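Chains as they are written, first to last, in the working numbering: chain A, 1040 to 1235; chain B, -5 to 238; chain C, 529 to 985. Here a beta-carbon is modelled for each residue, glycine too, at the ideal position from N, C-alpha and C. This structure is a prediction, so every number in the text was calculated from the model and none was measured.
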Amino acid sequence: MSNRDQILQTIKNNQPATASPLPDIDFPPDVSKPACDKFIEALAGIGGASHLVKDYEAINAIIKTAYPQAKRIVTTCAALPAGEHLSADADPHALDNVDLAVITAHFAVAENAALWVTEDIVQQRALPFITQQLAVIVKKEDILNNMHQAYQRIGAEDYGFGTFIAGPSKTADIEQSLVLGAHGPKTMCVFILSGK
Amino acid sequence: MIVALFVPCYIDQFYPQVAIATLELLEKAGVEVVYPSRQTCCGQPMANSGFEHLTHDCDELFTDNFGDYDYIVCPSGSCTLHIKDHLHSSDKEDKADHIRRHIYELTEFMTDILQVKQLNARFPHKVGVHQSCHGQRGLKLSQMSELVAPPFSKPLQLLKMVEGIELIDLDRQDECCGFGGTFCVAEEAVSVKMGKDRVADHIRHGAEYITGGDMSCLMHMEGILRRQNSPVQVKHIAEILNSH
Amino acid sequence: MSHSDKDHPKLAEQFNADEPRVDWHDETLWWVRVKRDKAARSIPEWEQLRETASRIKNNVLANLSEYLIQFEEQATRNGITVHWAKDGKEHNAIVLGLLQKHGIDRMVKSKSMLTEECHLNDYLQQHGIEVIDTDLGERIVQMRKEPPSHIVLPAIHLKKQDVSDTFHEHLQTEKGNNDPQFLTQAARIHLREKFLTRRAALTGVNFAVAETGEFVVCTNEGNADMGAHLADIHIASMGFEKIIPQRRHLSVFLRLLARSATGQPITTYSSHFKKPRKGAEMHIVLVDNGRSTQLGRKDFRNSLKCIRCGACFNTCPVYRRSGGHSYHTAIAGPIGSILAPNLDMRKYADLPFASTLCGSCSNVCPVKIDIHDQLYKWRQVLMKEGYGSTIKKMGMKGMTFTLSHPGFYQFAGKAGRWAMKAAPFIINNKLNPWYKQRDMPSPPKESFGEWYKKNRK
């Protein structure tokens, strides 16, 4: 018998015979506050900043003034004129000198300020991690309440890689003092698009 | 209603005044109390050390002593919990079962069965309450700080009926004191450190007395307080509820 | 109980030699517990969420072999290569084989308690492979040649001046600069070079989804992603109990994990790896290493529900005052104390006794493992199987005799109280561990039994 079969056989012999049906996942969303307000509050709590903007022009204007030091700005958002547009074939190592990446997210989650991003919209999996600073654009109507709604929205979507990003990269491994910017972005800002 | 009084071994030997206070409290509430004289111990010291398989004779003795009463009341959350969870008999399992379902820790017996609404007690001092883990997390005598659930406390419900008492708050409302049965000698260093920290929390908040439902925790903290020459004293909750 | 130099009471006593440091360790971890409480209280349905997670995991245990087969099928379809390892040795050999096949002799690794359990680093180093741990805390302890002392906070036993000294020695940072911001920045520069130059990355796995064949890795630093997305080959090591049935179940576990671990609403990154990157390879090693044995132990199988959040460490009053290294095993704390005896009863017979059975661990556990009940049950198994010392057994038999013979009990009590009064030095001496730092209770003149005879009836 192969290793695999041996392991699986032992597991089968030893797993409990009791039927343990899967529970319903039925948690009503917390509607005490508008999702957008909750998201902004949660984001601030994890070291992120937010801007409520009307359109892409407003985003452009903020990027110009808020990141004066940024030499290499990369964006994966077709609607943004500012910044270099990436190809999916680029060598991810060449992203090491990216100062600011501006990406879009499919949606955001109010309870924890997480943003759902997949490979097809960032082009390069490494981009949102290797960049020194990160900006994410999300539509206001795409702010969901909690993680259960988030996975309902993701459904059976097929992606190669997807990630929830919540705030700048951080560590507290030295005496539990929080430091923003461990290996990934040192700052993170979210543009909430509310334009009609 | 006939209640059998179960007095844990270390209370019988070292703190008889706690058993006397328990007896008097129950008598004042109009309960007929019997003290089965052949009682010794619940067997927990052996079982918690991993020797549950040696407690058989102790269990049989306990079943013989307490099997015939309406209720069994004990001034210790820890011993009560042990009986509730672990008492069995080889030939009198019905009696053992009766005991397991009818043994009560003193404060829960007073709040739940006797439904005591007032006490004739007076204790004009600042008092810190030590929640024994077995009473709190085991018997659920009060809400546990880890859970997202509404607060309640059976010991506090009774203490609040005592005239003149001032109950203090603690930084850590339900941290273990480190007694832990044989843990207190097997893991001496950690046990003592836990006890010192627990005592310090009470002292920091101005306690004159530390009270609780388990004399074993209090004995451990008393040992530390005395070694520190502290004026703070320990008093079992039965003594405070019975004081005037 | 084991009487080697490495048992918990002795190691804990050494840890307690420096009381201010114990206070710091205790207070720091208590603060994490407080943050956890606050995060839990922000979710009114918290207890229901724990119950749901627990029931999903019960379902996993009851259908484990089927879910693993389903996962393998889906992952393979996604282009991931699935390997099976019976034990740590096989796991290590598989990893080495993959690296050798690609001619790779340097690798970055993000946090994986499983590789600690398998002693992968030592093994690879012996075979000429350099491994760099990239989680900041793990990198610190790796430089110091120490094991992690906590599964989530690997360097929690160290103060910033310790880290500063270590970095001065290994990274030539300014001597005496203890600023965590400065030290983290130094590590960032040091490790970024590793990420950019290493062709292989190994990560752990937090959850693997049977339905889709994907796996999820959670970090705050982004080190798992930096490693995996820049490497040619990504190896994920996973204890097979990390499987969950469906993707939507992630919603329950991701809500619980970080809140329980650190009080954060979610980790910074929750990365879902479903297919290898274009031009790169992705491998997953499913490891047994005693898990299938534990699955067969009715009283202890629930320990396999663990999601490694570390909440039981932070709440444990014993862990906080004895430090992770006192548990002398890869996974310390209450959960480690119920996992370790499954691997080696003799070596870890002390661990189930490193607890007061206060029960706080079971109350914070996000998947509701009955940790303190299992500690009690392990004690019974270990003593019955003969892992107790002879002295302890004699003492217990003596105690049993006394407590089951009322006449002898009354006599012994009286004699004991008489001795405490007449010759207190018999009891109050340094050989009595109670008396070392605590006074004995003052013996009363009579027991309650004696008082009762005189005053009632």
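| request: Would you kindly check if the distance between the Cβ of Gly1199/A and the Cβ of Lys912/C is under 8 Å? | output: By one-based count along the third sequence, residue 912/C stands at place 384. By one-based count along the first sequence, residue 1199/A stands at place 160. In this structure, Gly1199/A does not lie closer than 8 Å to Lys912/C by Cβ.
| message | Helix, strand or coil for Ala1144/A? Go by DSSP, reduced to three states. | response | On the first sequence, position 105 is the one that residue 1144/A refers to. The answer is coil: DSSP assigns Ala1144/A none of H, G, I, E or B.
| Quick one, which residues of the stretch 860 to 884 of chain C are near chain B if we go by CB-CB under 7 Å, in chain order? | Phe881, Ala882, Thr884
| message | Pairs of beta-carbons, one from the stretch 584 to 604 of chain C and one from the stretch 817 to 835 of chain C, closer than 8 Å: are there three or more? | response | yes
| field | Buried or exposed by the 16-neighbour rule on C-beta atoms within 10 Å, applied to Trp962/C | value | Numbered from its first residue, the third sequence carries residue 962/C at position 434. The residue is buried, with at least 16 neighbouring Cβ atoms inside 10 Å.
| field | Closest residue to Lys1225/A among Asp1069/A, Ala1097/A, Val1070/A, Gly1086/A (Cα-Cα distance) | value | Along the first sequence, one-based indexing puts residue 1225/A at 186. It is Gly1086/A whose Cα lies nearest to the Cα of Lys1225/A.
| Among all the DSSP beta bridges, which residues are the ones paired with Leu161/B? | For the purposes of this step, residue 161/B is taken as the residue at position 167 of the second sequence. Paired residues: Val121/B.
| task | Please look up how many angstroms separate the CB atoms of Thr1157/A and Gly1201/A, rounded, as I've assumed it's under 8 Å. | result | To locate residue 1157/A, count along the first sequence from 1; it is residue 118. To locate residue 1201/A, count along the first sequence from 1; it is residue 162. Their Cβ separation, rounded to whole angstroms, is 4 Å, which keeps Thr1157/A and Gly1201/A in contact under 8 Å.
| Taking only beta-carbon atoms, is Pro969/C less than 8 Å away from chain B? | Counting from one through the third sequence, the residue named residue 969/C turns up at place 441. By this cut-off, Pro969/C is an interface position.
| request: Helix, strand or coil for His76/B, going by three-state DSSP, please let me know. | output: Sequence index remark: in the second sequence, residue 76/B carries index 82 (1-based). It is helical.
| Beta-carbon separation of Leu823/C and Pro869/C under 8 Å? | One-based indexing of the third sequence puts residue 823/C at position 295. One-based indexing of the third sequence puts residue 869/C at position 341. Contact: no.
| Among residues of its own chain, excluding the 5 on either side of Ser799/C, which ones have a beta-carbon nearer than 6 Å to its beta-carbon? | As a position in the third sequence, residue 799/C is number 271, starting the count at 1. So the list reads Val745, Asp753, once near-sequence residues are dropped.
| request: Could you confirm whether any beta carbon from chain A is found closer than 8 Å to the beta carbon of Asp816/C? | output: Residue 816/C sits at position 288 when you count from the first residue of the third sequence. Yes, Asp816/C lies at the interface with chain A (some Cβ there is under 8 Å from its Cβ).
| said: Run through the DSSP bridge pairs and tell me what Phe1200/A is partnered with. | reply: Position 161 of the first sequence, counted from the first residue, corresponds to residue 1200/A. Note: Phe1200/A sits in a beta bridge opposite Phe801/C.
| Does the beta carbon of Arg849/C come closer than 8 Å to any beta carbon on chain B? | In the third sequence, counting from the first residue as 1, residue 849/C sits at position 321. True, the Cβ-Cβ gap to chain B drops below 8 Å.
| field | Pick from Pro971/C, His853/C, Tyr904/C, Tyr980/C that is closest to Met948/C, judged by C-alpha positions | value | Sequence index remark: in the third sequence, residue 948/C carries index 420 (1-based). Met948/C has its Cα closest to that of Pro971/C, out of Pro971/C, His853/C, Tyr904/C, Tyr980/C.
| task | Pick helix, strand or coil for Ile142/B, following the three-state DSSP scheme. | result | Locating residue 142/B in the second sequence gives position 148, where the first residue counts as 1. Position check: residue 142/B holds Val in this sequence, whereas Ile was assumed. Coil at Val142/B, not helix or strand.
| request: For Trp1155/A, write down the residues that DSSP places opposite it in a beta bridge. | output: Here residue 1155/A is taken as the residue at index 116 of the first sequence, counted from 1. According to DSSP, Trp1155/A bridges with Phe1146/A, Phe1203/A.
| query | For Lys688/C and chain B, any beta-carbon pair shorter than 8 Å? | reply | For this step, residue 688/C is matched to residue 160 along the third sequence. Not closer than 8 Å to any Cβ of chain B, the Cβ of Lys688/C fails to qualify, so no.
| request: Please state whether DSSP places Asp661/C in a helix, a strand or coil. | output: Here the question's residue 661/C lines up with position 133 in the third sequence. Asp661/C falls in the strand class under three-state DSSP.
| At which residues does the beta strand (DSSP E) containing Leu1232/A begin and terminate? | As a first step, residue 1232/A must be located in the first sequence, where it is residue number 193. Element bounds for Leu1232/A: 1226 to 1232.
| As assigned by DSSP and simplified to three states, the class of Phe735/C | Indexing the third sequence from 1 puts residue 735/C at position 207. Correct three-state label for Phe735/C: strand.
| Given a limit of 8 Å on CB to CB distance, which residues of the stretch 1129 to 1142 of chain A reach chain C? | Pro1131, His1132, Asp1135
| request: Quick one: using the 10 Å Cβ neighbour count with 16 as the cut-off for buried, is Thr1057/A buried or exposed? | output: Here residue 1057/A refers to the residue found at position 18 when the first sequence is read from its first residue. Under this definition Thr1057/A is an exposed residue.
| said: Can you confirm whether Pro972/C, when its beta carbon is compared against all beta carbons of chain B, has any partner nearer than 8 Å? | reply: Here residue 972/C refers to the residue found at position 444 when the third sequence is read from its first residue. Yes, because at least one Cβ of chain B sits closer than 8 Å to the Cβ of Pro972/C.
| query | In whole angstroms, what is the alpha-carbon distance linking Pro10/B and Asp88/B? | reply | As a working note, residue 10/B is residue 16 in the second sequence. As a working note, residue 88/B is residue 94 in the second sequence. Taking the straight line from one Cα to the other gives about 31 Å.
| query | For Tyr1106/A, which residues from the same chain have a beta carbon less than 6 Å from its beta carbon, with the 5 sequence-adjacent residues on both sides left out? | reply | Here residue 1106/A refers to the residue found at position 67 of the first sequence. Cβ within range, chain order: Leu1139.
| message | I believe Leu1183/A touches Val1148/A by the beta-carbon criterion, under 8 Å. Please report the beta-carbon distance rounded to the nearest angstrom. | response | Counting from one through the first sequence, the residue named residue 1183/A turns up at place 144. Counting from one through the first sequence, the residue named residue 1148/A turns up at place 109. With 8 Å as the limit, Leu1183/A and Val1148/A qualify as a contact, their Cβ atoms being about 5 Å apart.
| Collapsed DSSP secondary structure at Gly206/B in the structure displayed | Along the second sequence, read from residue 1 onward, the residue named residue 206/B stands at position 212. Correct three-state label for Gly206/B: strand.
| said: Within 8 Å of any Cβ in chain C, is that where the Cβ of Cys73/B sits? | reply: The sequence position of residue 73/B within the second sequence is 79, counting from 1. It does not: the Cβ of Cys73/B has no partner Cβ on chain C nearer than 8 Å.
| message | For the structure I just gave you, are there three or more beta carbon pairs, one from the stretch 59 to 71 of chain B and one from the stretch 43 to 50 of chain B, closer than 8 Å? | response | no
| message | Taking 8 Å as the cut-off, does the stretch 1206 to 1219 of chain A touch the stretch 684 to 698 of chain C (at least 3 CB pairs, one atom from each stretch)? | response | yes
| request: Scan the stretch 564 to 575 of chain C for residues whose Cβ lies nearer than 8 Å to a Cβ of chain B and list them as they occur along the chain. | output: Asp565, Ala568, Arg569, Ile571, Pro572, Trp574, Glu575
| query | Could you check where the beta strand (DSSP E) with Ser502/C kicks off and where it finishes? | reply | The question about residue 502/C has no answer here: the residues shown for chain C are numbered 529 through 985.
| task | Give the range of the alpha helix (DSSP H) segment to which Leu871/C is assigned. | result | In the third sequence, the residue the question calls residue 871/C occupies position 343. 861 to 871 is the span of the alpha helix (DSSP H), which, as asked, contains Leu871/C.
| Would you report the Cα separation of Leu219/B and Leu871/C, rounded to the nearest angstrom? | Taking the first residue of the second sequence as 1, we reach residue 219/B at position 225. Taking the first residue of the third sequence as 1, we reach residue 871/C at position 343. In a straight line, the C-alpha of Leu219/B is about 41 Å away from that of Leu871/C.
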